[in-house]
Amino acid sequence: MVIEREEKNAECKRLMNKIVPALQQFTLDRNDEWGREKLAIQLQMKSARIRKEKERLARLETGCRFQCLNCSTTICRAEDIRVINNAHHVIIDRDANRRLRRERGNEPEHIEPEGAEIGGALYCMTDTCQKKLGTLCNYMNTLFPLIALKYVRIVSEEGVGRTYKKWRDVPCEIETFTYDDLRGVAESR
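In this text, residue positions in the sequence shown follow our numbering: the first is 157, and each later residue adds one.
The following block contains the structure:
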């Protein structure tokens, strides 16, 4: 049994010594070809991404309103929303606070490495509704309403409302949060 295994291993070793140099030469000969194929695929993917982004920018609308999905109360406009760290969509409009009820939690549920602390709850202020609309975000020692896309309907200027699952599919442009926005929110409070 041991002798058979040794003979088998020796045969495998002879085959490997015979095949490996040819395989190495094959990969060296094909290396440039594979590199060119890989580069062509990457360029094709990049151009598809650019085309998709141009199509998205062409579809952008102005004047979109965000409404409560349950009671259709207008919460804010698209111009009142900013993106923090390319992930958190907060409302910076002070008047939106009259249409929202905040509940702060004792401890933040999640702390981002960039400094945003997520916790608490955000509800519709309408007496008959009181549905959850998101959470709260403490960013740079300032508390912002953090809106969740799954709880709102986005209504265009024509009055057509629709829900979205992903922020990148929203038909209006959401600006990035800047220090000027932070200064404006701090001054208004």
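Ideal Cβ positions, reconstructed from N, Cα and C, are used throughout, including at glycine.
Every value quoted in this text rests on a predicted model; they were computed, and no experiment measured them.
Residue from the options whose Cα sits closest to the Cα of residue i
i	options	result
Lys306	Gly315, Glu313 and Leu289	Leu289
Ser312	Glu235, Ile267 and Gly276	Glu235
Leu213	Cys232, Pro327, Glu331 and Met172	Pro327
Thr230	Glu217, Val246 and Arg255	Arg255
Tyr335	Arg318, Lys322 and Thr298	Thr298
Pro301	Arg257, Ile159 and Val158	Arg257
Ile267	Cys293, Thr284, Asn242 and Asp283	Cys293
Ile303	Leu225, Ile175 and Gly340	Leu225
Cys232	Thr284, Asn253, Lys164 and Ile240	Asn253
Glu331	Asp251, Trp190, Ile240 and Arg192	Ile240
Cys126	Asn173, Lys208, Ala243 and Glu314	Here the chain has residues from 157 to 345 only, and residue 126 is not among them.
Phe222	Glu259, His245, Lys202 and Met201	His245
Where residue i falls, given that 16 or more other Cβ within 10 Å makes a residue buried
i	result
Phe333	buried
Tyr295	buried
Val308	buried
Ile206	exposed
Ala178	exposed
Ala204	exposed
Thr291	buried
Ala166	exposed
Ala196	exposed
Ile274	buried
Ala243	exposed
Other residues of its chain near residue i: CB distance less than 6 Å, five sequence neighbours each side excluded
i	result
Cys337	Looking at the sequence provided, one finds Asp at residue 337 rather than Cys. Correct list, in chain order: Arg238 and Ile248.
Gly317	Arg309 and Val311
Strand pairing of residue i, partner residues [DSSP]
i	result
Lys350	Residue 350 is absent from the model: the chain starts at 157 and stops at 345.
Tyr307	None, per the DSSP bridge assignment.
Glu259	Ala277
Leu299	Asn294
Gly191	Answer is none; Gly191 lacks a bridge partner.
Gly219	According to DSSP, Gly219 bridges with nothing at all.
Helix, strand or coil at residue i according to DSSP, with G and I counted as helix
i	result
Pro327	coil
Tyr335	helix
Asn294	strand
Gly271	coil
Ile248	coil
Glu209	helix
Val176	helix
Gly317	strand
Same chain only: Cβ atoms within 7 Å of residue i, ignoring 5 sequence neighbours per side
i	result
Gln286	Tyr279 and Cys280
Thr284	Cys227
Thr319	Leu225 and Arg309
Asn260	Before going on, a small fix: residue 260 reads as Arg here, not Asn. Closer than 7 Å at Cβ, skipping near neighbours: Gly276 and Leu292.
Residue i CB to nearest heavy atom of the ligand GTP below 7 Å
i	result
Ala204	For the ligand GTP, the structure offers nothing, since it holds no ligand at all.
Chain-order list of residues whose beta-carbon lies under 8 Å from that of residue i (same chain, five-residue window excluded)
i	result
Leu216	Pro327, Cys328 and Glu329
Arg324	Arg212
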